[in-house]
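Chains as they are written, first to last, in our numbering: chain A, 937 to 1051; chain B, 14 to 127. Note that CB positions come from ideal geometry on N, CA and C, so glycine has one too. Because the structure is a prediction, the values reported are computed rather than measured. I have placed the structure first, in the form of structure tokens, so that the comments after it can refer back to it.
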Amino acid sequence: GAVVSQHPSWVICKSGTSVKIECRSLDFQATTMFWYRQFPKQSLMLMATSNEGSKATYEQGVEKDKFLINHASLTLSTLTVTSAHPEDSSFYICSASRGVQETQYFGPGTRLLVL
Amino acid sequence: AQSVTQLGSHVSVSEGALVLLRCNYSSSVPPYLFWYVQYPNQGLQLLLKYTSAATLVKGINGFEAEFKKSETSFHLTKPSAHMSDAAEYFCAVKGGAGSYQLTFGKGTKLSVIP
């Protein structure tokens, strides 16, 4: 159990366009989902935490108007990168947990390349 | 505040040799500690976790880690390395039961030499 999927696994887009990434918990209800960003050869940096039905909590330095997070159901959270720029190119990983303090299970990640 | 230090960004071992990946943490409260493995272009897979029960924690794929409070360490070991163990390993800390945020170390890339 505790499988998390992400879609798409990779995406290439033009600068200025918006990209939506989905994160799904396949076999459990995820009260809380987390979004991370990972640059090459670096660790994961938490971007935001979302609880189902509530507004996401963003970490310091993360632009909430640029990285829109929606957690509308117990199995789905979406991250939309609005007006993407080349510096937004990165590996985005989500995780899901049964509760905000429970073990996080990670998705396979989405690689975004903005041209 | 909490932090994680992983000593050695890159570790190489021969197949069949002992694997030792080091992790030291700092936390103002009794921590929960985790080891995750990441294969290329994939997400993180939980290897094992310490949540204030037994100090020696056994995980998947033959890995284990020992929580040593006096040394603020949570080193990951495996008696005999396998080629399939080659991956990036991340140690992470959570500030105990009352916290939700995982803080990750910078990772250690493990190479296994045939």
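| Asked | Found |
| --- | --- |
| Could you please give me the residues that DSSP links to Q15/B through a beta bridge? | S40/B |
| What are the boundary residues of the beta strand (DSSP E) that Y113/B is part of? | Unbroken run through Y113/B: none, as it is neither H nor E. |
| For T1067/A and T1046/A, I'd like the C-alpha separation in whole angstroms. | Residue 1067/A falls outside the range modelled here, since chain A spans only 937 to 1051, and no answer is possible. |
| Pairs of beta-carbons, one from the segment 52–63 of chain B and one from the segment 73–88 of chain B, closer than 8 Å: are there three or more? | yes |
| Quick check on E84/B: does DSSP put it in helix, strand or coil? | helix |
| Whose C-alpha, out of I126/B, V106/B, V24/B, is nearest the C-alpha of S40/B? | V106/B |
| Which whole runs of the beta strand (DSSP E) in the segment 967–1034 of chain A are 3 residues long or more, in chain order? | 968–974, 980–987, 1003–1009, 1012–1017, 1026–1033 |
| Helix, strand or coil for S97/B? Go by DSSP, reduced to three states. | helix |
| List the residues of chain B that G1043/A touches, going by C-beta distances under 8 Å, in chain order. | G56 |
| Going by beta carbon distance, what residues of the same chain come within less than 8 Å of V1036/A, once the five residues before and after it are set aside? | T967, T968, T985, N987 |
| Leaving aside the five residues before and after L982/A along the sequence, list all residues of the same chain whose C-beta is less than 7 Å from its C-beta, in chain order. | F970, Y972, E995 |
| Does F975/A pass the burial test, meaning 16 or more other C-beta atoms within 10 Å, or should it be called exposed? | exposed |
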